[in-house]
Every structure is written in structure tokens, then in C-alpha cells.
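Its first residue numbered 85, the sequence shown is counted upward by one per residue in our numbering. All residues carry an ideal CB built from backbone N, CA and C; glycine is no exception.
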Amino acid sequence: MSDFTDVRARYESIRADQEAFYRELHEHPELSHQETRTADEVARRLTAWGYDVTTGIGGTGVVGVRVNGDGPTVLMRADMDALPVREATGVAYASTVVVTDAAGQSVPVMHACGHDVHVTCLLGAARLLAESADAWRGTVVALFQPAEEAGDGARGMVDDGLMTRIPHPDVALAQHVLAMRAGRVATRPGAVFSAAESIRVRVFGRGGHGSMPQKTVDPVVLASAIVVRLQTVVAREIAPDEPAVLTVGSIHAGSKSNIIPDEAVLEINTRSYTDATRQLLRTAIERIVRAECAASGSPREPEFEVYDAFPPTVNDPAATARVADAFAAWFGDQAGELPLQTASEDFSDIPRALGVPYTYWGIGGVDAATWDAAVASGTVASDIPANHSPLFLPVVQPTLQTGTEALLAAAGAWLAPTA
């Protein structure tokens, strides 16, 4: 383990520049697969700090490599994309960006998930490591990934030859800012973020006039029966000690009150932590949909389309223990255990493709006084905006410093000390 005492002391020298960059990035968010401005800014900075930079991996992905003598190779990843959300924080650097999305729709854009924090912190860690090369030995791979929100950004980089473009790492590291008390750092071994997949289901009826329902097969009634029946899957088919979520987030059918339509479309989302549970959910959905279609006399078999699939994030126990020890030494009582998260991530597609252990942790982004007041009043769920909310806005400090130092502490657990 490298002694990063002097590296840590250098943080004050980059604080002002880091905070300014964060606000600029927050004000200029970009959707998945559109992160060109962000990628350019990242590449420019990494190049200036002496990294060997490769751009355009998987579309807009950027990798900076810094070889600093013999020693382990550590990969650190940040995601760059934002969400189609209209910001409602009211801060001076709030986003007012509106763009055309992949479907041709005009949408507002906001860094509502904190990826601007991730990019800023990884750049900060990369800069401090470059400016403190006498404190460590090894190789740092700073990877900036597109399209995490679409679930295909990590796979896109892998499919575009990532493995042949970077030194093979000994470990892969990543983090996420969460609705926790700012200054906190937390991780856990094993399952940490859920697998997720969305399933678009199209069911078919026979349309007609609302005044003559006997001549129709009503897909609205069919879809309603499916929604009700799906609520039994988690409650009755999955063991109580196995976490799982099944949500019907969208139903579309019909165009007028007195016309029974020909079809209905349901969009379903599942969350699970094991491949067995993921398969159980998918099998149950298909079984119930087909059975309800048969019960309604549907004239055609239903159609299923799986999309936006995310892998489970399962932290390597040994790597996580090593990072947890580093966090305890660096952050003291501000380091702890992260609760199981029902959100999903595609980061693990990269270390799995590389065949290396990985660990993923969370950092807090909520102002300490605000958090403590919500905890005291029992109103965390209602008063603390979570990721993807139009009100989600990590407090600038100590969030940026914590995220930067967490990456340094974790990387330092592998990078070799100087002689």
C-alpha cells in the first residue's frame, strides 16, 4: 500500500479548479451516447496531466493511462451521461439544456444521477496522482464511460476492443454518489446493486365500438388483469429473504373513450440480485401474460421484448475487504457499510470482460445538517431527494473531496509504494 499522506495534502491546491469544473459540467449535461463535450473536456485535461489518452471507445468513451514504473495496474471508472429530466434545483448553475433524443423527441437534460460528481472526482484523483508520481509505482487507468443510463455503455466499450487498448488491470474500482450524509463512504462485499431488465409486452385484442363490447376482445381489461396478477410474483413465488422488485411502469392502449382498441402495451421492470431470481421473474411474467391472454380469448400470442438490461453488481469479497480497510484508515468513523441497493449499474460488464476482481462503493452527497434534521424527524424518504429526482443536487463540498479521496484511498491499496 502506498503512503498517500502527501498526496492527500495536495487536495487544497486543486479544490477551486475542481469545484469550478463541476459546476460547469453540471450546467452542460449530455444524454447517453451524446457525451461529446464532456469527453473532449476529460481528454484535454488528462492529456495536460501526462496521461496517454485514447478517445472514441464505444462511441464517446475516454481512457487515460499513466505508467509510473513497475507495480500493479488499477482501473478506476466514472460514467459521464445525464438524464432526460428537467432540473428543479434552482441553483445558479442549474441545467437549462434541451436536446433531441435518440427517438427524435425534444427533451430537457439534467445530471440528476450525479455522474457529474463521478467525472469530477476521477479527474481530481487522476490529477493528484499525476502530480504526486514520486509517491507510488504502478499503472493507473482512468476510464470515463458513456451511456450508463442506457445500460449499454460498458458493453459498448468492451465490444469496441477495450481489452486490447489498455494495460490489463489487477483490480477495477468505481463509486456512486448517493442520498447519504455528505462525507460518508460505504461499501459492502457481495451483492450491492441489483440486476435490472425491462420487458415490453404487447397483448392483442379485437377492437370495436364501446357500446358493443360483446363483439370485441378488450385488451384494456386484459392488461388490467395482467397487472393485478403480476403483483403476486414477488409476494408468492420468491422467498421472503430474497430481495426482488417487479414494477409495471407503463400501460398504453386506445385513443378514445368509446373505442375498444386492438392492442395494449405494458412496460415492466424487474430488479434482482441473482441470475436465478432474474430468470424466475422473467418466466413468471411470460407465464402470467400468456395465461391471461388465453383466459381473455386473445386472437394472437403476446409479444415480448427485453431491453435496458443491467447486470448485477457483486463486489469481490477480497477486493472489497482491502478497500474497506483503506477507507477505515483514511476516513475513520465516516467509513461504513453500504445497505443493499435496488438501483442498477452496468460497470461490472467491464471487469467481468477483463476477468478481474472489482469493488463498487457509495459516497454521500447530502448536506450534513439537512441529513441530520431529516433523520431526527424521520422524514428522510420525503425530505431527501434521491437519484433521478429533478431536485437531486449533491452538496459541492465535502462531496467532491470525499469522492476524490475515496478513489485515492482505494487505488493506494494496490499501487506499490516507492522504495
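With Ala-166 and Val-146 assumed to form a contact (beta carbons below 8 Å), what rounded beta-carbon distance in angstroms separates them? Residue 166 sits at position 82 when you count from the first residue of the sequence shown. Residue 146 sits at position 62 when you count from the first residue of the sequence shown. The C-beta distance from Ala-166 to Val-146 rounds to 16 Å, too long to meet the 8 Å contact threshold.
Strictly by DSSP, which residues pair up with His-293? Locating residue 293 in the sequence shown gives position 209, where the first residue counts as 1. For His-293, DSSP records a beta bridge to Ile-343.
Within 8 Å, strictly: CB atoms of Ile-322 and Leu-364: On the sequence shown, position 238 is the one that residue 322 refers to. On the sequence shown, position 280 is the one that residue 364 refers to. Yes, the Cβ-Cβ distance between Ile-322 and Leu-364 is below 8 Å.
Which runs of the beta strand (DSSP E), 3 residues or longer, sit entirely within the stretch 102-161? For the stretch 102-161, whole beta strand (DSSP E) runs of length 3 or above, ordered along the chain, are 136-141 and 145-152.
Separation of Leu-424 from Tyr-54, as counted between CA atoms: Beyond the ends of the chain as shown, which are 85 and 503, falls residue 54; an answer cannot be given.
Under 8 Å by Cβ, that's how I've got Ala-495 and Val-305 pegged, so tell me the actual separation to the nearest angstrom. Start at 1 with the first residue of the sequence shown, and residue 495 comes out as number 411. Start at 1 with the first residue of the sequence shown, and residue 305 comes out as number 221. 57 Å between Cβ atoms; not a contact.
Kindly indicate the opening and closing residues of the alpha helix (DSSP H) around Glu-326. Here residue 326 is taken as the residue at index 242 of the sequence shown, counted from 1. First-last for Glu-326: undefined, no H or E at that position.
Residue(s) in a DSSP beta bridge with Trp-445: In the sequence shown, counting from the first residue as 1, residue 445 sits at position 361. As DSSP reads the structure, Trp-445 sits in a beta bridge with Gln-259.
Excluding sequence positions up to five away, which residues of its chain have a Cβ less than 7 Å from the Cβ of Ile-141? The sequence position of residue 141 within the sequence shown is 57, counting from 1. The answer, listed in chain order, is Val-147, Met-241, Asp-244, Leu-246 and Arg-249.
Limits of the unbroken beta strand (DSSP E) element including Gly-267: Counting from one through the sequence shown, the residue named residue 267 turns up at place 183. Where Gly-267 is concerned, there is no enclosing beta strand (DSSP E), given that its DSSP letter is neither H nor E.
Are three or more beta carbon pairs between the stretch 482-492 and the stretch 196-215 nearer than 8 Å? Counting Cβ pairs under 8 Å, three or more are found: they touch.
Nearest-angstrom Cα separation, counted from Ser-97 out to Ala-405: Within the sequence shown, the letter at position 321 stands for residue 405. Within the sequence shown, the letter at position 13 stands for residue 97. Roughly 31 Å between the two C-alpha positions.
Classify Val-373 as helix, strand or coil using the three-state DSSP reduction. If you number the sequence shown from 1, residue 373 lands on position 289. The answer is helix: DSSP assigns Val-373 an H, G or I state.
Would you tell me roughly how many angstroms separate the C-alpha atoms of Thr-316 and Arg-355, rounded to the nearest one? Counted from its first residue, the sequence shown places residue 316 at position 232. Counted from its first residue, the sequence shown places residue 355 at position 271. About 15 Å.
Pop quiz: Ala-328 and Thr-367 are said to be a contact at Cβ under 8 Å. What is the actual Cβ separation, rounded to whole angstroms? The sequence position of residue 328 within the sequence shown is 244, counting from 1. The sequence position of residue 367 within the sequence shown is 283, counting from 1. In this structure Ala-328 is not in contact with Thr-367, their Cβ atoms being roughly 13 Å apart against a cut-off of 8 Å.
Spatially closest choice to Gly-446 from Val-459, Ile-335, Pro-386 and Ser-428, by CA coordinates: What you label residue 446 is simply residue 362 of the sequence shown in a count that begins at 1. For Gly-446, the closest C-alpha among the options Val-459, Ile-335, Pro-386 and Ser-428 is that of Ser-428.
Among residues of its own chain, excluding the 5 on either side of Pro-168, which ones have a beta-carbon nearer than 7 Å to its beta-carbon? As a working mapping, residue 168 is identified with position 84 in the sequence shown. These residues qualify, in order along the chain: Leu-115, Asp-185, Val-191, Pro-192 and Val-193.
At the level of alpha carbons, what is the spacing between Asp-417 and His-202? Taking the sequence shown and counting its residues from 1, one reaches residue 417 at position 333. Taking the sequence shown and counting its residues from 1, one reaches residue 202 at position 118. Taking C-alpha positions only, Asp-417 is separated from His-202 by approximately 23 Å.
Under a Cβ-count criterion, where at least 16 other Cβ atoms within 10 Å of its own Cβ denotes burial, should Tyr-391 be classed as buried or exposed? Taking the sequence shown and counting its residues from 1, one reaches residue 391 at position 307. Here Tyr-391 is exposed, its C-beta having fewer than 16 other C-beta atoms within 10 Å.
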